[in-house]
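Chemist: Residue numbers (our numbering): 171 to 259. If you scroll down you'll find the structure; I have some questions about it.
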């Protein structure tokens, strides 16, 4: 499969699934384009330690975490909104 065809296929899938497709096998997807981030990506993106991100997502009322089994995915937009409302974390 040509690289160009693969990119077209990925773009079509992103359109069909509203840009919420997460696949770690797809190389070159920038963090700023992802809807969901791993703990490590969220830590680097928001400049917050991984332990602090984990602590925030442990809260019962946390609305910006999605559990996929034991793996935590951070809903980037909701976490950004949460952080914008905070004075300190």
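Ideal Cβ positions, reconstructed from N, Cα and C, are used throughout, including at glycine.
Identify, in the order they occur along the chain, each residue of the same chain with its Cβ nearer than 7 angstroms to the Cβ of residue 224, setting aside the five sequence neighbours on each side.
Modeler: 209
Chemist: Does the beta-carbon of residue 244 have 16 or more other beta-carbons within 10 angstroms, so that it is buried, or is it exposed?
Modeler: buried
Chemist: Residue 242: buried (16+ other C-beta within 10 angstroms of its C-beta) or exposed?
Modeler: Counting Cβ neighbours within 10 Å, residue 242 comes out buried, since at least 16 surround it.
Chemist: Determine which residues share a DSSP beta bridge with residue 224 and list them.
Modeler: Answer is none; residue 224 lacks a bridge partner.
Chemist: From the DSSP output, read off the bridge partner residues of residue 200.
Modeler: Residue 200 pairs with nothing; no bridge assigned.
Chemist: Using the C-alpha atoms, what's the distance from residue 235 back to residue 227?
Modeler: 6 angstroms
Chemist: Opposite residue 242 in the DSSP bridges: which residues?
Modeler: 237
Chemist: Which residues bound the alpha helix (DSSP H) around residue 213?
Modeler: 209-216
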